[in-house]
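Using UniProt numbering, the letters of the sequence shown map in sequence onto residues 1 to 76.
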Amino acid sequence: MQKDNPMTVQHNVMSDAVKELMQGDQGKQARTRAQEFGRRAWQDVEKGGSSDEKLDQLNECLLLRREFQSFIVVLL
Numbered sequence: 001m002q003k004d005n006p007m008t009v010q011h012n013v014m015s016d017a018v019k020e021l022m023q024g025d026q027g028k029q030a031r032t033r034a035q036e037f038g039r040r041a042w043q044d045v046e047k048g049g050s051s052d053e054k055l056d057q058l059n060e061c062l063l064l065r066r067e068f069q070s071f072i073v074v075l076l
């Protein structure tokens, strides 16, 4: 390992950090937050979720635009 490279990390420092994430309170908190974000993401994409609603709104807008363009062509 190069000691003069600022990007290198000693083995024990890395090992301690991994152990803390795997077994310590910070790791438990990080896993809890990740699970919550995952749960929210699934809710957003489920039927009736915010992403689902936004896609429905986009689809409606595109359909209305197509109908409007067809209407203008008929008038011309």
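Cβ coordinates follow ideal geometry from the N, Cα and C atoms, glycine included. Being a predicted model, the structure only gives us computed values, none of them experimental.
Check, Outcome
"Span separating the alpha-carbon of Ser-51 from that of Met-22", "33 Å"
"Backbone CA spacing between Gln-26 and Thr-32 [nearest angstrom]", "10 Å"
"C-alpha distance - Gly-49 paired with Gln-43, whole-angstrom precision", "6 Å"
"For Ala-17 and Asn-5, the rounded distance between their alpha carbons", "20 Å"
"Same chain, Cβ closer than 7 Å to Glu-20, five either side skipped, listed in chain order", "Gln-26 and Gly-27"
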